Each structure stands twice: as structure tokens, then as C-alpha cells.
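Chains A and B supply the protein sequences, listed in that same order. Okay, so the first sequence: first residue is 1 according to my numbering, each after it adds one. Okay, so the second sequence: first residue is 257 according to my numbering, each after it adds one. The C-beta atom is built at its ideal place from N, Cα and C for all residues, glycine as well. These figures come from a predicted structure and were not determined experimentally. Notes follow once the structure below has been shown.
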Amino acid sequence: MEYKQEYKIKLVSKEFLNSDTCYLGFECPGIANTAKPGQFVNISAGTQFLKRPFGIASTDKDNGIFYIGVKVVGKGTREISDFETGALFDCLGPLGNGFVFGDYENIILTGGGTGVFPINFAYECLTSQGKTVEVCEGFRDARQVILNKPGYVLTTDAGDIGIKGTVIAGLDTIDIADTSKTLVCCVGPIPMMKAVAAWAEAKGMKCFVSMEQRMGCGVGICLCCTVKVKDDGPDGFKNVRCCKEGPVFDSREVVW
Amino acid sequence: MSTSLNVNVGKVSLKSPLILASGTCNFGRELAEYYDLSILGGISSKGLTIKPRAGNPGVRVAECASGMLNSVGLQNPGVDYFIENDLDFMKASGAAVIVNVAGHSFEDYIAMIEKLDPHKDKIDALEINLSCPNVKAGCMTIGSDPEAIKAITSKLRSLTDLPLWIKLTPNVTDIKATALAAQEGGADAVVLINTLMGMRIDIRTRRPVLTNNTGGYSGPAVKPVAIRMVAECAQVLDIPIVGCGGVADYKDVIEFMIAGASAVEIGTACLVHPAAPVMITDCLENYCEENKLNLKDLTGTLQRW
């Protein structure tokens with residue numbers, strides 16, 4: 001039996017996308033060659049005790065490199081983004097369950113904040129498979145906009161670039177030929193995912209959301225990162241592990 | 257595997273002193289993806305209750321200096337589900353099966369033993385959790401009172417022949433008093449220690465980081481507390497001690513054994529490095545070979561100043 005392993009990975013590229021968000025490339029063929037969109041890695045964070053989880057943003061299989069986006073929100077993300085290329089990290093991955101695109105002909109990818117990183121990976125994989133993909137990304141204002149590509153629908157709360165409003169305003173501009181053949185995938189803050197799920201469900205479309213919760217281990221043993229999902233039992237819900245049963249869930253399963 | 261790692265906790269023989277600590281390994285399945293569990297001395301199950309528990313809501317984990325706080329709140333599928341779905345897996349792992357038993361009242365613990373005792377052919381020991389800090393009743397409430405510890409241990413003793421390991425809380429003034437109470441109640445061993453109660457606060461919101469407000473502190477930071485408690489109890493107990501708290505490398509295992517532990521549990525380290533027990537086991541074998549000793553001979557060899 002082949003066991004999963006903890007990798008020692010090297011930081012090989014680092015680029016700041018804006019004042020507090022950087023895009024990091026790590027050498028690790030084991031992850032680059034097997035990762036699926038929606039999966040994540042758990043990476044050591046300098047002096048911090050626990051690793052930190054990041055959705056995989058892209059892979060370069062030829063060179064055995066995978067990419068993540070890191071927005072500085074606390075000590076762990078600060079320490080990770082302070083390292084220079086050549087630094088070594090401990091890393092577990094790829095972890096969790098990614099998006100299941102199945103036979104859907106049209107895929108709508110939508111997200112905001114650091115959710116645009118896994119959306120980017122999904123976009124790269126789907127376009128390489130020749131699927132029809134629409135992308136709608138939402139940010140607070142123009143300064144927060146990252147990884148925005150030509151053809152994407154862009155929304156900002158401030159309205160200083162793109163459509164003014166939330167991603168819902170952007171999604172409403174997308175022409176959907178057949179909702180039964182269209183899948184929606186959303187990665188972003190909880191209010192955004194909840195709104196997108198309601199939007200998709202109202203149109204009869206299946207919607208995947210990628211949940212986020214404070215994680216301990218990332219491998220399913222500490223039971224810290226729970227997500228509430230619907231259940232037939234007396235409580236009407238049960239707690240499942242974001243890292244193991246998720247992070248991607250069918251939006252209809254989630255208790256928001 | 258080298259026999260130099262063999263140890264005994266009372267009548268329970270273990271091929272290695274290393275046991276996966278309850279609440280940090282679920283029932284072993286997830287870690288079996290990383291290594292062969294049969295290298296372990298034992299696996300202590302997730303803390304089980306008579307009915308399934310959803311655990312605490314909200315944020316359950318907080319980073320701390322050299323460790324973490326958790327407030328999982330004994331999320332578990334219930335003892336019936338465990339017997340039906342997880343016990344056979346644990347038995348087949350090749351590691352000793354330690355079943356961690358939690359409750360909210362004497363009656364809960366008694367009902368748990370009555371459920372588990374018929375499966376004693378698959379169980380090597382019962383670890384009675386009198387120490388979880390994250391539930392409102394039972395556990396640590398009982399585990400802080402020597403009289404209650406003695407009474408519950410004695411009652412459970414009358415219900416089963418399975419080895420009873422009493423897992424105690426460090427959140428007491430005198431750990432010797434609670435450990436002695438377990439011994440007087442008929443325990444086969446004590447497990448020292450569960451987590452230390454702690455709190456972290458988000459200074460922007462002035463709210464605790466954990467939605468449960470408080471949680472249990474674990475990791476390398478708590479090791480000196482655990483070592484001190486093991487060493488103190490080793491001076492007064494006749495029954496064996498299973499050390500637990502902050503084990504992260506093979507030297508920690510040796511330190512616990514010198515302090516007086518017959519076996520050692522590892523927990524939080526596995527959350528960071530799932531395969532930590534593999535490296536520790538290799539190092540322990542090398543240590544025994546280099547020093548030409550058997551690990552069990554280290555127990556209680558502390559030379560005090």
C-alpha cells in the first residue's frame with residue numbers, strides 16, 4: 001500500500017498581487033501532478049504551531065509546481081508571505097474533496113476574496129478540457145481586484161470598476177442557455193456563497209460551494225473545522241469535517 | 257519491530273509505549289492513510305458518549321504559543337455506532353484497542369460500560385475520561401473531586417474485568433489526590449494529563465477566539481506540566497501511569513518514562529505531522545539499540561536532586 005506523505009516543499013516564486021496578497025509557487029510534483037480544483041494544501045507557517053490551509057490556485061505539471069494565494073490576515077499568513085524563494089515548508093496535500101464537474105456542459109465559476117484562487121485553478125482545468133466556462137468575480141473595490149482575466153464578469157461593491165454590486169448583479173448578466181446543463185461553483189465569503197447558492201437554486205441549477213472554517217489538522221482527525229449539513233436525525237443537522245467531507249459541498253446540503 | 261520497545265501497563269502488554277491519544281486520531285482510519293498503525297502500542301478512540309454528540313458550535317481551535325486550544329466538545333457518533341462501525345477497524349489495526357469513555361453523569365458511565373463489556377474480546381482497556389474540559393457536566397466536573405473519582409471508579413470496577421485507565425485532568429490543585437482516588441477505586445492505571453483549560457481573546461472584538469469561550473490547551477507547551485504531574489504521582493501510586501501531554505519526539509517519550517510513565521500517549525503532534533509516530537518509533541528503536549536497553553526499564557528511573 002502506498003501511504004500519503006508529508007512533503008518538504010520549496011518556495012520557488014513569489015509575486016505580490018496587491019498590498020496584502022501574494023501568489024506563491026512551490027516545487028512539489030506529488031501535489032502538482034495530483035491536485036484537483038477545490039482541493040487544498042496545509043502548509044507550515046514559520047514559528048506558528050499549526051499549519052495553515054490554502055486552496056490550490058494553479059498547477060504546472062511540467063515543472064512540478066503548484067501555486068497558492070496568501071492574503072495576510074494574521075500571524076501565520078504574515079510569516080508565510082514574508083519568506084523569500086528558496087525557503088522550505090512542511091506541507092500536506094492535496095487535501096479534501098474538490099469540485100465534481102461531471103458531464104455538465106456549462107460551468108459558471110464565481111467567487112471573491114481569496115476564493116478567486118481556487119476559481120482560477122478550476123478555470124484552467126475546465127478550459128483545457130474544452131468546457132464552456134463563465135467566470136464572475138466580486139471584490140470590495142478596484143484595489144482589491146486580483147487574478148481578473150479578460151472575459152470575466154467583474155463586480156465591485158464600490159462600483160469603481162466593473163459592475164457595481166455583488167456577484168449576483170454580475171451573474172444576472174450571464175446568458176444561461178440551459179440551466180439543467182449548467183453547474184455553478186462558488187468560493188468566497190459565507191454571505192456571498194449563501195447568496196449565490198440561493199440564486200442558483202432558484203433557477204434550478206446545481207451549485208457547489210467551498211466552505212471555510214478554522215482548521216486544526218486538515219486531515220480529519222481533530223474535528224475542529226466542522227460544517228453544519230442537513231440530516232434526517234432529530235437535530236435536523238449534523239456536523240461534518242470541512243477538511244475531510246469538504247471543503248466542497250453541494251449547496252443544498254449546507255445549513256447556512 | 258524490536259522487542260526493546262515492549263512495555264506493560266498493568267496486565268496490558270503493548271509492543272511499543274506509543275499510544276495515539278483520544279480526540280486526536282478519531283478511530284485511526286484517517287491516519288492509516290499515512291502509515292501502518294500496527295507499529296503503535298495502542299490507539300485510544302475518540303471520546304465516546306452514550307448518545308451521539310454534535311459537539312460545540314462555531315470556532316473550535318485557536319493557535320497558541322507552542323500548542324493550541326480546542327473546544328471540540330466531544331463530538332462523536334455514540335457508543336452504539338462505534339461498536340457497529342469502528343471497533344472492528346480498531347481491532348484489525350494491530351494496535352491495542354483503548355476505548356475512551358465519557359459521560360455527563362455516573363449513570364452515563366455505567367451505561368457505557370454495560371454496552372462495551374460484551375465486546376471485551378476486541379478491547380484491551382477502557383480509558384475513563386474524567387477530564388474533558390469542553391462539556392458542561394460530567395467529565396472534568398467529576399474528575400476534579402477525589403471522592404467522586406473513587407466512587408465512579410469503584411462502581412465501574414464492579415461492572416467489568418476490562419482494565420480501567422482513568423484519564424485525569426490537570427485542572428486541579430493536587431493531582432496526587434485525584435490519582436490516588438482512582439487507585440483506591442480500583443483503577444488499573446491513570447492517564448496523565450488531559451488538556452489545561454485556557455482562553456484566547458481577539459483584541460479587536462474583545463471576544464474569546466473560541467465560540468465556547470474556553471478550551472483545552474495542548475501541545476509541547478504543556479509537556480513540563482504533564483511531566484511534573486507524572487513524576488509527582490509516580491512517588492505515591494502503586495498502579496502504572498500513562499503519560500500524555502506535548503509529546504512531539506522520541507526524547508519526550510523517554511522523558512515521560514523516566515518521570516514514571518509505563519506508556520505514553522501522543523496527540524497534538526499528530527495534528528501537525530500525521531506520521532510523527534513513525535519517526536518517533538524509529539528513533540526509539542535506535543535509542544534502545546545504541547544504549548543497549550529495553551524501554552520499559554526506564555520507567556520511574558528519575559534521579560531527583
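Backbone secondary structure at residue i - three-state DSSP
i, result
"A/Glu245", "coil"
"A/Cys185", "strand"
"B/Asn468", "coil"
"B/Tyr473", "strand"
"B/Thr537", "helix"
"B/Phe283", "coil"
"A/Lys164", "strand"
"A/Asn63", "helix"
"B/Glu521", "strand"
"A/Ala195", "helix"
"B/Asp458", "strand"
"A/Gly76", "helix"
"B/Asn542", "helix"
"A/Asp250", "strand"
"A/Phe237", "strand"
"B/Asn547", "helix"
"B/Ser260", "helix"
"B/Gly556", "coil"
"A/Gly204", "coil"
"A/Ile68", "strand"
"A/Val255", "coil"
Partners in chain A for residue i, counting only beta-carbon separations shorter than 7 Å
i, result
"B/Ser322", "Phe49"
"B/Ala310", "Asp235, Lys238, Asn239"
"B/Gly475", "Phe49"
"B/Tyr291", "Tyr3"
Closer than 9 Å at the beta carbon, the chain A residues around residue i
i, result
"B/Pro480", "What B/Pro480 touches in chain A: nothing, since even the nearest Cβ is about 16 Å away."
Pairwise C-alpha distance: residue j and residue i
i, j, result
"B/Gly516", "B/Asp458", "39 Å"
"A/Asp172", "A/Trp199", "9 Å"
"A/Ile80", "B/Val357", "40 Å"
"B/Gly463", "B/Val481", "A small correction: the amino acid at residue 463 of chain B is Arg; Gly does not occupy that position in the sequence shown. So the alpha carbons of these two residues sit roughly 28 Å apart."
"B/Ser278", "A/Cys224", "14 Å"
"A/Glu6", "B/Leu296", "19 Å"
"B/Ser301", "B/Val355", "5 Å"
"A/Lys194", "A/Lys14", "32 Å"
"B/Pro402", "B/Ser518", "23 Å"
"B/Thr434", "B/Asp494", "14 Å"
"A/Leu50", "A/Gly216", "7 Å"
"B/Tyr543", "B/Leu448", "24 Å"
"B/Asp373", "B/Pro313", "32 Å"
"B/Leu386", "A/Phe117", "45 Å"
"B/Gly442", "B/Ser414", "9 Å"
"A/Ile190", "B/Phe362", "41 Å"
"B/Phe456", "B/Leu540", "What sits at residue 456 of chain B in the sequence shown is Arg, not Phe. Between B/Arg456 and B/Leu540, the C-alpha separation is close to 35 Å."
"B/Thr259", "B/Pro273", "11 Å"
"A/Gly111", "A/Leu147", "11 Å"
"B/Arg285", "B/Val353", "13 Å"
"A/Val153", "A/Ile43", "32 Å"
"B/Asp553", "B/Ser269", "14 Å"
"B/Gly475", "A/Ile107", "44 Å"
For residue i, the first and last residue of its enclosing alpha helix (DSSP H)
i, result
"A/Met211", "From DSSP, A/Met211 is part of no alpha helix (DSSP H); its letter is neither H nor E."
"B/Val428", "Where B/Val428 is concerned, there is no enclosing alpha helix (DSSP H), given that its DSSP letter is neither H nor E."
"B/Ala490", "479-490"
"B/Val509", "506-515"
Beta-carbon neighbours of residue i, restricted to chain A and to distances below 8 Å
i, result
"B/Ala531", "Tyr3, Gln5, Glu6"
"B/Tyr337", "Per Cβ cutoff of 8 Å: no residues; B/Tyr337 is ~11 Å from chain A at best."
"B/Gln331", "Leu223, Thr226, Asn239"
N-terminal and C-terminal residue of the beta strand (DSSP E) that residue i is part of
i, result
"A/Glu15", "6-18"
"B/Cys320", "317-320"
"A/Cys22", "21-27"
"B/Ile495", "Segment: none, B/Ile495 is in no beta strand (DSSP E) and carries neither H nor E."
"A/Phe40", "40-43"
"A/Lys230", "226-230"
"B/Ala199", "There is no way to answer for residue 199 of chain B, as the model of chain B reaches only from 257 to 561."
"B/Val503", "B/Val503 -> no beta strand (DSSP E), and no H or E assigned at all."
"B/Ser278", "First-last for B/Ser278: undefined, no H or E at that position."
Contact list for residue i against chain B, beta-carbon separation under 8 Å
i, result
"A/Cys222", "Gly279, Thr280, Val317, Asn326, Val328, Leu527"
"A/Arg214", "Val315, Arg316, Val317, Ala318"
"A/Lys262", "What is shown of chain A runs 1 to 256, which leaves residue 262 of chain A out entirely."
Interface residues of chain B facing residue i [CB-CB closer than 7 Å]
i, result
"A/Asp141", "Here the premise fails: no neighbours, minimum Cβ distance about 21 Å."
"A/Val219", "Glu286, Pro530"
Under 9 Å by beta carbon: chain B residues contacting residue i
i, result
"A/Gly76", "Glu319"
Extract the residue ranges of the beta strand (DSSP E) inside the stretch 81-151 of chain A, only unbroken runs of 3 or more that lie entirely within it. 88-95, 106-112, 132-139
Within the stretch 340-423 of chain B, note down every full beta strand (DSSP E) run reaching 3 residues or more, in order along the chain. Entirely contained in the stretch 340-423 of chain B, the beta strand (DSSP E) runs reaching 3 residues are, in chain order, 352-357, 381-385, 420-423.
Segments assigned beta strand (DSSP E), at least 3 residues, entirely inside the stretch 293-335 of chain B: 298-300, 317-320, 323-326
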